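Undergrad: Sharing a structure, written as structure tokens. Questions coming.
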Amino acid sequence: MQYDIQVERATPENIAPYGHYLGGDEGVPIFTSWPGTMVNGPLPIEVGTGGEMLLVTTDAREFPVQCGLIERHFKHMQTYLPFNGKPFIMLLGEATEGDLPDYRTLRAFLFEDAGIIMHKGVWHDFPYAIEDGTKFSVILREEAHVNENTVPEHDMDADGPDLQRRAMRPRATIITHIKD
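One point on numbering: in this note's numbering, the residue at position 174 of the sequence shown is 953, and numbering is uninterrupted.
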């Protein structure tokens, strides 16, 4: 089965089912560290409890916008922070009870100088760089990398302490499209 998903511009409102939008002036509640100082910013958001957290920096190259793998994390809210202003596309699907995403909830978003803190359990693929040299910082739990193949007929499927990854190509073709 093939799913063709039209890319939407990411906004705080349409990202809400999947996570917290991080960017510009998105209208989030603001805290002031000390009254009268210049240190203001978005309210802190917990990204995980217990376990080691990692900050990984990536340099992505342009990649076809066809989903090969989709994954989710149960113990932390994985975070993608772009830091060179290059846009990217991210495929997101709502958390499900079963071992696969509900394809009807998959949406593709264009992030322009913004990032995301995903809710726990949200299905996602790694961001699709629109051009080479797109740089991200990714915040995730160390154990998100600890996994093993659990479904021999799908060699890319894996489960771990904080990861459930599923190969999409043997199950469905998921392609995102940018409007001309």
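For each residue, glycine too, the CB sits at the ideal point set by N, CA and C.
These numbers come from a predicted model, not from an experiment.
(1) Quick one: give me the first and last residue of the beta strand (DSSP E) that GLU927 is part of.
(2) I'd like to know if the region 866 to 882 and the region 841 to 857 are in contact, where contact means that at least 3 CB-CB pairs between them fall below 8 angstroms.
(3) In this structure, does DSSP put PRO866 in helix, strand or coil?
(4) Going straight from the alpha carbon of LEU885 to that of ILE784, what length do you get?
(5) Need the endpoints of the beta strand (DSSP E) that GLU787 sits in, please.
(6) When you compare only the Cα positions, how much space is there between VAL868 and GLY912?
(7) Quick one: using the 10 Å Cβ neighbour count with 16 as the cut-off for buried, is ASP838 buried or exposed?
(8) Excluding the 5 residues preceding and the 5 following HIS933 in the sequence, name in chain order all residues of the same chain whose CB lies nearer than 6 angstroms to its CB.
(9) Under the DSSP definition of a beta bridge, which residues are partnered with THR837?
(10) Below 8 angstroms between beta carbons: does that hold for GLY802 and ASP892?
(11) Determine the extent of the beta strand (DSSP E) in which ILE954 is found, giving its start and end residues.
(12) When the distance is taken between beta carbons, is LYS914 closer than 8 angstroms to PRO861?
TA: Put simply:
(1) Neither: GLU927 is in no beta strand (DSSP E) and is coded neither H nor E.
(2) yes
(3) coil
(4) 8 angstroms
(5) 781 to 788
(6) According to the sequence as given, residue 868 is Ile; it is not Val. Taking the straight line from one Cα to the other gives about 14 angstroms.
(7) exposed
(8) ALA946 and PRO949
(9) PHE915
(10) yes
(11) 952 to 956
(12) yes
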